[in-house]
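Counted the way UniProt numbering counts, the sequence shown spans residues 1 to 130. Even for Gly, the Cβ is constructed at its ideal location relative to N, Cα and C. Quantities reported herein were computed from a predicted structural model and do not represent experimental measurements.
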Amino acid sequence: MNRPDTRTRTENGAAPRILVVEDELELSTLLQTILVGEGYQVEQAYSLSDALHSLDEEAFDAAVLDVELRDGLVFSVADRLKARGIPFFFLSAVYRGVVPVAHRDVPFLGKPYELDELKGYLAESLRSAS
1 MNRPDTRTRT
11 ENGAAPRILV
21 VEDELELSTL
31 LQTILVGEGY
41 QVEQAYSLSD
51 ALHSLDEEAF
61 DAAVLDVELR
71 DGLVFSVADR
81 LKARGIPFFF
91 LSAVYRGVVP
101 VAHRDVPFLG
111 KPYELDELKG
121 YLAESLRSAS
């Protein structure tokens with residue numbers, strides 16, 4: 001099983017903490033299972049309010065963001081991540097054109113996707129942060 005290599009470990013040697021913002025429960029659970037299996041620590045957020053609360057309460061090394069959530073578009077979360085220097089990418093079935101100009105340089109992985117693509121996007125996000 002692939003694990004994050006030592007270059008993606010946090011400074012204290014712990015596995016990177018990933019915030020997964022996805023409002024579809026089954027997909028969120030699947031993402032968590034995959035990422036935990038890869039050796040990451042995962043915090044799930046099912047709405048904008050969950051995600052913003054998590055960012056206020058915890059530290060993260062990277063984030064995976066669905067664009068359309070049940071309580072709105074995820075861009076306020078993206079703004080906060082960007083302001084804190086936390087790398088992230090979008091994982092969504094919506095058209096990339098809905099992404100505001102401020103986040104057009106952020107990687108965008110369209111649904112459906114291959115698991116290797118997801119893993120690659122996350123590894124690249126973590127590398128870009130170091």
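How long is the line joining the alpha carbons of V74 and S28, rounded to whole angstroms? In the sequence shown, residue 74 corresponds to position 74, counting from 1. In the sequence shown, residue 28 corresponds to position 28, counting from 1. Distance from the CA of V74 to the CA of S28, rounded to the nearest whole angstrom, comes to 15 Å.
Would you mind listing the alpha helix (DSSP H) stretches within the stretch 23-73 that are 4+ residues and don't spill past its ends, in chain order? Look at the stretch 23-73 and you find these whole runs of alpha helix (DSSP H), each 4 residues long or longer: 25-37, 48-57.
Kindly indicate which three-state DSSP category G13 falls into: helix, strand or coil? Taking the sequence shown and counting its residues from 1, the one referred to as residue 13 is at position 13. Coil, per DSSP.
Cα-Cα, which of E24, F108, Y113 is closest to R70? Along the sequence shown, one-based indexing puts residue 70 at 70. Looking only at E24, F108, Y113, the smallest Cα-Cα distance to R70 is reached by E24.
Which residues DSSP lists as bridging S92, in chain order: In the sequence shown, counting from the first residue as 1, residue 92 sits at position 92. Per DSSP, G110.
Hey, L55 and R80 are a contact pair by Cβ (cut 8 Å); roughly how many whole angstroms apart? Start at 1 with the first residue of the sequence shown, and residue 55 comes out as number 55. Start at 1 with the first residue of the sequence shown, and residue 80 comes out as number 80. In this structure L55 is in contact with R80, their Cβ atoms being roughly 5 Å apart against a cut-off of 8 Å.
Under DSSP, the alpha helix (DSSP H) around A102 begins and ends at which residues? Counting from one through the sequence shown, the residue named residue 102 turns up at place 102. Unbroken run through A102: none, as it is neither H nor E.
Whether or not the stretch 50-66 and the stretch 81-92 are in contact is what I'm after, with contact meaning three or more pairs of Cβ atoms, one per stretch, closer than 8 Å; do they touch? Yes, the stretch 81-92 touches the stretch 50-66.
Residues in the same chain with beta-carbon distance under 6 Å from residue 132, minus the five sequence neighbours each way, listed in chain order, please. Residue 132 lies beyond the range of the chain shown here (1 to 130); nothing can be said about it.
Below 8 Å on the Cβ atoms is my contact criterion, and I expect L35 with E22 to pass it. Report the Cβ-Cβ distance as a whole number of Å. In the sequence shown, residue 35 corresponds to position 35, counting from 1. In the sequence shown, residue 22 corresponds to position 22, counting from 1. With a Cβ gap of about 11 Å, L35 and E22 do not count as contacting.
Please confirm whether residue 147 and A14 have their CB atoms less than 8 Å apart. Lying outside 1 to 130, the shown extent of the chain, residue 147 is not represented and no answer is given.
With distance defined between alpha-carbon atoms, name the residue in A45, L115, A83 nearest to H103. For this step, residue 103 is matched to residue 103 along the sequence shown. Distance check between H103 and each of A45, L115, A83 places A83 closest, using alpha-carbon atoms only.
Less than 8 Å between the C-beta atoms of Y121 and P107, yes or no? Indexing the sequence shown from 1 puts residue 121 at position 121. Indexing the sequence shown from 1 puts residue 107 at position 107. Going by C-beta atoms, Y121 is nearer than 8 Å to P107.
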